[in-house]
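Residue numbers (my numbering): 5 to 253.
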């Protein structure tokens with residue numbers, strides 16, 4: 005019987021592989037039927053699923069030929085008019101789009117959009133935070149832009165922020181061996197680091213298992229600094245007048 009064991013094991017392996025392939029194909033078909041109603045607006049996501057079906061050498065892939073042809077025409081239409089479509093969609097929120105498909109876009113001069121149509125993905129964000137979108141349909145990319153704009157601009161600027169900034173400034177002065185030398189410039193990254201720590205709940209440092217460190221990225225800090233710069237001069241609760249002036253070291 006032993007001489008047949010290897011043949012049986014091989015057959016079992018083939019069965020398992022066939023089952024796994026069938027399960028994967030089944031999931032892909034379910035995803036296709038779910039996205040099909042929005043195929044005209046989201047052709048890229050469906051085309052990606054169809055390519056995955058074809059990679060499985062499915063006998064049923066031929067039934068997708070006409071659908072694929074239609075989706076490719078819609079995808080080409082979007083790529084040809086991508087900036088106009090993105091401008092129309094984001095214009096509803098008052099956002100301004102600059103750039104091109106090949107060079108990349110900038111929204112309100114803050115959020116960058118890089119679309120790679122060869123890979124079917126886009127990167128949306130800033131130098132410090134990026135969202136990867138695996139559907140380059142303009143509606144999907146526009147939604148990612150909105151999320152980034154929301155992250156940056158839809159945070160309240162607490163009145164206490166000015167006092168937090170002043171405390172961070174005094175700490176940065178001390179670290180740079182300028183303690184008490186109010187009016188001296190400090191490195192912006194040092195200032196950001198201390199502000200990020202001061203904004204945390206005390207329990208983050210005393211009971212880290214209870215509360216986790218809340219990220220405060222440099223781009224968020226830059227937006228908050230910009231809000232203060234619009235006020236020209238502000239006063240802390242301790243009576244210090246804080247003047248913010250952009251400068252380069």
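All C-beta atoms, glycine included, are put in the ideal place defined by N, C-alpha and C. Keep in mind the model is a prediction, meaning the values are calculated, not measured.
- Note on geometry: alpha-carbon atoms of residue 115 and residue 14 lie some 54 Å from one another.
- With respect to residue 202, residue 172 sits close: the two C-beta atoms are nearer than 9 Å.
- Under the three-state reduction of DSSP, residue 116 is assigned to strand.
- For residue 110, the uninterrupted beta strand (DSSP E) segment begins and ends at 108-111.
- Residue 193 sits exposed, since fewer than 16 C-beta atoms from the chains shown fall within 10 Å of its C-beta.
- Rounded to whole angstroms, residue 60 and residue 54 show a C-alpha spacing of 10 Å.
- By the C-beta criterion, the segment 142-157 is judged to be in contact with the segment 114-129, since at least 3 inter-stretch pairs fall below 8 Å.
- In the displayed model, residue 218 falls within coil according to three-state DSSP, outside both helix and strand.
- Here residue 141 is buried, its C-beta having at least 16 other C-beta atoms within 10 Å.
- Taking the Cα of residue 86 as reference, the smallest distance to any Cα among 9, 29, 109 and 181 is reached at 109.
- Of the candidates 31, 49 and 29, 49 places its Cα closest to the Cα of residue 71.
- Collapsing the DSSP output to three states places residue 245 in a strand.
- Within the DSSP secondary-structure output, residue 125 pairs in a beta bridge with 120.
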